[in-house]
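The next block holds one structure in the form of structure tokens; read it before the comments.
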Amino acid sequence: MGEKSGKDIIKQMQDIAIKIYNTILKKENPSVNIPLRSLNNVKYDEKEGYFELIGKEKERTLTASTAKTFAQTLRMMAMSKDLIKSDDIATKREAYYISKNWGDAKFLEQPESDNVMDDIEAMLMTNREQIGFVPEEKGGAVAGQLIVIDKDENGKELKIDCTKFGSGAYSVPVSVEHLKFETKAAFILAIETAGMFQRLVKHNYWKKANCILVSMGGVPTRACRRFIRRLADDKKLPVYVFTDGDPYGFFSIYRTLKVGSGNAAHINEYFCVPQAKFIGITPQDIIDYKLPTHPLKEVDKKKIKDVIKNDPFCIHSKEWQKALKQLADMGKRAEQQALAQHGLNFVISNYLPDKLKNQKTWLP
Amino acid sequence: MAQTTLADASEKTEKKIIAEELAKKQREIGVAEFFAKNRHLLGFDNKRKALLTTIKEAVDNALDACEEAEILPEIQVEIIEIGEEKFRIIIEDNGPGIVKKQIPKIFAKLLYGSKFHQRRQSRGQQGIGISAAVMYAQLTTGKPAKILSKIAKDKPATYMELMLDTKTNNPLIKAEQEKEWPEKDHGTRIEMDIEGSYQKGDQSVDQYLKETAIVNPHATVIYTNPKAEQLMFPRATEIKPKKAQEIKPHPYGVELGILLDMLHVTEYRTLQAFFTNEFSRVGPGTAKEICANAALLPDMKPKEVSRESAEKLIAGIKKTKIIAPPTDCIVPIGEELLEKGLKKEVNAEFYCALSRPPSVYRGNPFVVECAIAYGGEQPAEEPMNVLRFANKVPLLFQQGACAVTKSLIGTNWRSYGLSQSTGALPLGPITIVIHIASVWVPFTSESKEAIAHYPEIIKEVKLAVQECGRKLSSYIYKKRRIGEELKKRGYIEKYIPHIAEALKELVENKDYQKENVETSLKEILERKRGEIEDIEADNEEYDETFAKIGKKEKKKTEEGEEESSNEDDD
């Protein structure tokens, strides 16, 4: 990752501040430009394999309705500068609480402060960890043929063998840039639910298939995405993704892992896994494996429509469009665990081996 | 009562005809006797109201007398507590005085007066009020009313003590003498002892006198209440109101019985002359047309008109097109004086007043006037404060039964920016004055408390209210706009120090000019948003002591300015 030094970031922030300062002294109305953080502002770059910004910006000019956010943005930048200088970090929640010292400019709810934080991140085209803020959530769980090389508190190398967690797993840290890897595994399998991950771990699927298992626990966090990306790039490993057979699994989990999100488009370059392939559960699997289903919920139907219309990745991919339409026509969805209908270990003995063998059943 | 008992009679003759027996009990009821028993019809329902009505009748008469004589009124009202729930009431005016011969009839004979038969705008109209007060005084304390009246500087004043024979409705003169009254060139003073109860607040004497002062800005009233506090309502203008003109009845307003009476007492010899001379807006042509429409000859003698023919005449009148009665006989208060009076009473931000052009109901011309005071110190969540007046007399009772209230409820106030639920008065910091002036105000009862629901009157009140309402709504919306603008501006200024502070931390320059940043930001924002329109209203006419009169002592609830904390983000 094109890591900027703390100094660079501080310089960047100071440049913005000085520009505002001079504008004000000239008695002109100050403004800041922030890249628009939404799917409207990304395109799918097939060659690079991720969502790229197309340069739409919102201009936050100082007006009655923006005054508070304007002040908060500047105060948050000042907070970030202090964090970088003292080589400290604050969680998103802590940052929210620090703002309580700002009197009238304090944040009332954390989503407000998260939003301003994301704006600054996008404005500086950097990752929030680099401006001193870290999320609360864990990066995901890992088990299998992998040794992670981390550092202890004294900076000494620390080898973590991911085969030695028994029925437990290695937990991906918030920041993964410094990690190194040793592995002889053949591929990475990223799994949506912790339940399925548990089953595969318990039955040592990683040993049978010679792979690394990663539990994403829903939409993968940035750290999880970056971890998979670095590992896959480093060791030239293919990445297979295994989610529920529903629009959420396809386009919230898989799509975010593979090409990134609209919200963090400015850093998708680093937080995507273009080599990821979707192995299941596909709409066709529901038919082929005669899986028990649930009817699509209203939100599912809405999401399908929305994705087909607006998601640049889907618009780019005929196969995904076809798959979504197929799902919509069926009006059904199936969970990973539905495979248990054919026996608890059907997923290990039949499903995964079959799917891995047969590329034609995958989705891009 | 005066009857011999039935038992006696039946002993003497066994077979008596019942009807004859009953006939012994049947006799004429004196008009005074009737009202003595039905005093509530005249406004003497209870002790508190009796006190007010007594004063009201005397003051109304004094104002009428002054107006007729074109004198700027100066009226003194005094209430002295003389015993438990007993009061001596003294009302003194500087009017033209009353000639000796008339004094007993005016003060001690019901339904005697100059105003009942004439079509002219005046406060009193029935000739009941003051005699009823005298009668009430004698019924409750047994004391006669004491009258002193002087008609010219060089003549002595007449003093009389009067009571009223309730059976015959005739005055009883208990004492009479000439007296010197050097303080006055002319005027009348009446003193009565009555049973009553004095309270402040709504529907009190204080409130009545204050509201009287609002709509009679040319009058000075000096009032001493039972607590010996003297209140002064000085006149606000030296301009006398135009004297109200008397008009003849309009044919459209005449009913069969009245027409028959008029036909029988008229001195004119033909129907044509009768109509031309006894009615307004009837010329020879119109008179002939009425007769033609009634299939009667214009030269018929009025005294020979039978009841059947009179009915035909009424029908004939209805078929004939007759111009509306003249309206110059109505003397409105006027927009300017009405607004001035209201400003004295209510400290508000916005005032407007309006006089409608004259209109007619049942052949009687009338004028509706309306004034509004909005905002200021008035409570925002209470129903609108309604002040009703008829011929410059405040109406303090029966608000719910009044045509004015009906019109106000029937007006859609929501479109003027107030909240209102169906069938109710609107809520808001607003006081409304409605004045109806007419040669004959149609009250729902003799106590003159509510105006009858004539559609023409309701319509005119609504039109007046709507016109004021439109002005009000443009003010309210302007105020809201400016309020929002001020809020936004305050909003920006609130965050200026934070911007300056954060920039200081980021720029890290020893020469950072924090104050300059703050003042510059203020300048930038000021320039961007432009000047705010000034809507601060300074009411110089407001008189705090005046406004308090007639109001219950209220605890002031401090409503802190609560800034709502849910601020909008972009």
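Protein chains in written order, with the working numbering: chain Y, 1029 to 1392; chain L, -14 to 555.
Don't be surprised by glycine CBs; every beta carbon is placed ideally from N, CA and C.
- Taking a Cβ-Cβ cut-off of 8 Å, the neighbours of D1132/Y in chain L comprise K479, Y480, H483, given in sequence order.
- Between G1168/Y and G1245/Y, the gap from beta carbon to beta carbon is short of 8 Å.
- When A1150/Y, E1056/Y, L1285/Y are compared, the shortest CA-CA separation from C1300/Y is found for L1285/Y.
- In the three-state DSSP reduction, K1360/Y falls in the strand class (E or B).
- Among the bridge pairs identified by DSSP, Q162/L is matched with Y144/L.
- Taking a C-beta cut-off of 7 Å against chain L, the contacting residues of the segment 1095 to 1108 of chain Y are A1095, K1096, T1097, F1098, A1099, L1102, R1103, M1105, A1106, listed in chain order.
- At a cut-off of 8 Å, the C-beta of E434/L has no neighbouring C-beta in chain Y.
- Ranked by Cα distance from N397/L, the options G385/L, A386/L, E321/L, L412/L are led by L412/L.
- For L1064/Y, no CB of chain L lies under 8 Å from its own CB, so it is not counted at the interface with that chain.
- For the segment 1134 to 1176 of chain Y, the full-length beta strand (DSSP E) segments reaching 3 residues or more read 1169 to 1172 along the chain.
- Among the residues facing chain L, E1056/Y is included, as its CB has a counterpart in that chain under 8 Å away.
- Each residue's CA atom was taken as its position, placing A35/L and T173/L some 22 Å apart.
- With contacts defined as CB atoms closer than 8 Å, E180/L and A130/L fail to qualify as a contacting pair.
- Out of N154/L, E161/L, S459/L, C276/L, the CA that lies nearest to the CA of T143/L is found in E161/L.
- Neighbourhood of Y1049/Y in chain L, by CB distance below 8 Å: L488, V492, Y497, V502, in chain order.
- L248/L is classed as buried because its beta carbon has at least 16 other beta carbons within 10 Å across all chains shown.
- Among the residues facing chain L, L1053/Y is included, as its CB has a counterpart in that chain under 8 Å away.
- Between A1099/Y and Y480/L a beta carbon distance of about 4 Å is seen, short of the 8 Å cut, so the two are scored as contacting.
- In the structure shown, A333/L adopts coil according to DSSP, grouped into three states.
- Taken atom to atom, the span from the alpha-carbon of M145/L to that of I308/L is near 48 Å.
- For the 8 Å CB-CB criterion, I315/L and V352/L form a contact.
- Collapsing the DSSP output to three states places N201/L in coil.
- Taking all protein chains shown into account, E1363/Y has 16 or more neighbouring C-beta atoms within 10 Å of its C-beta and is therefore buried.
- With the rule of 3 Cβ pairs closer than 8 Å, the segment 149 to 156 of chain L counts as touching the segment 118 to 129 of chain L.
- For a Cβ distance threshold of 7 Å, residue set L491 of chain L lies close to M1041/Y, ordered along the chain.
- In this chain, the alpha helix (DSSP H) harbouring F92/L covers 88 to 93.
- Between M1358/Y and P1320/Y, the gap from beta carbon to beta carbon reaches 8 Å or more.
- Contact annotation for L37/L against chain Y: no contact, minimum CB-CB distance about 55 Å [criterion: below 8 Å].
- Residue nearest to L256/L within the set K286/L, V206/L, G242/L is K286/L (criterion: CA-CA distance).
- Within the same chain, Cβ atoms closer than 7 Å to the Cβ of P364/L are found at P414, the five residues on either side in sequence being excluded.
- The beta carbon of K473/L falls within 8 Å of a beta carbon belonging to chain Y, placing the residue at that interface.
- Between the C-alpha atoms of I1052/Y and Q1042/Y there is a straight-line separation of about 15 Å.
- In the DSSP assignment, C355/L forms a beta bridge with L339/L, I419/L.
- Judged by DSSP in its simplified three-state form, P1275/Y adopts helix.
- I318/L and V200/L do touch by the CB rule: their CB atoms are close to 6 Å apart, below 8 Å.
- Bounds of the beta strand (DSSP E) holding E66/L are 59 to 68.
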